[in-house]
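Structure record follows, encoded as structure tokens.
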Amino acid sequence: MIWMELPALLSHGQAVVSVRYEATDPYAVTLRFPAEVCPEEWVIGRDLLADVLTAGRAGAVDVQMVARGDLIVLGLSTPDGAGWAVFRRDDVEALMTATHRMVRPGEESQFLDWSDTTDFPGVAP
Numbered sequence: 013m014i015w016m017e018l019p020a021l022l023s024h025g026q027a028v029v030s031v032r033y034e035a036t037d038p039y040a041v042t043l044r045f046p047a048e049v050c051p052e053e054w055v056i057g058r059d060l061l062a063d064v065l066t067a068g069r070a071g072a073v074d075v076q077m078v079a080r081g082d083l084i085v086l087g088l089s090t091p092d093g094a095g096w097a098v099f100r101r102d103d104v105e106a107l108m109t110a111t112h113r114m115v116r117p118g119e120e121s122q123f124l125d126w127s128d129t130t131d132f133p134g135v136a137p
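Using this note's numbering, you'd call the opening residue of the sequence shown number 13 and step up by one each time.
Below is the structure:
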């Protein structure tokens, strides 16, 4: 498991965002904001983080990211409200490098537990 703490500028001030990545869920990155800011965890696609670093923009609707020079702006929205966080690009790149060392892009399915799919026809490990 990878556990990183990323400093961020939030719409409510500065904070540290805890980021978790596990090989058992290789397509996802979990973000935990300080409880007073957002009590829920956000699970976003690892590919979105990779895309914003290469294409400068990623996501749609409730999760959107834009690269602005040496910063990555993450916008999150729900029916209950919206917020944003700004991370240093170097920190996001370090996170992605660590996740790609753990699970190389394109090899994610090798890390999934397929044992609970045996009841579904046509789905096999």
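Note that beta-carbon positions come from the ideal geometry of N, C-alpha and C, so glycine has one too.
MET13 and GLY68 have their C-alpha atoms roughly 27 angstroms apart.
With fewer than 16 other CB atoms across the displayed protein chains lying within 10 angstroms of its CB, PRO117 is exposed. For MET108, no beta strand (DSSP E) segment is defined; the enclosing uninterrupted segment is the alpha helix (DSSP H) at 101 to 114.
Rounded to whole angstroms, LEU88 and TRP96 show a C-alpha spacing of 6 angstroms. In this chain, the beta strand (DSSP E) harbouring LEU18 covers 14 to 22. In this model, MET77 and THR36 are separated by some 25 angstroms (Cα to Cα). Here DSSP, grouped into helix, strand and coil, assigns ALA67 to helix. Comparing alpha-carbon positions, the option among LEU107, GLU34, PHE99, PRO19 lying closest to PHE123 turns out to be GLU34. Between ILE84 and VAL64, the C-beta spacing is below 9 angstroms.
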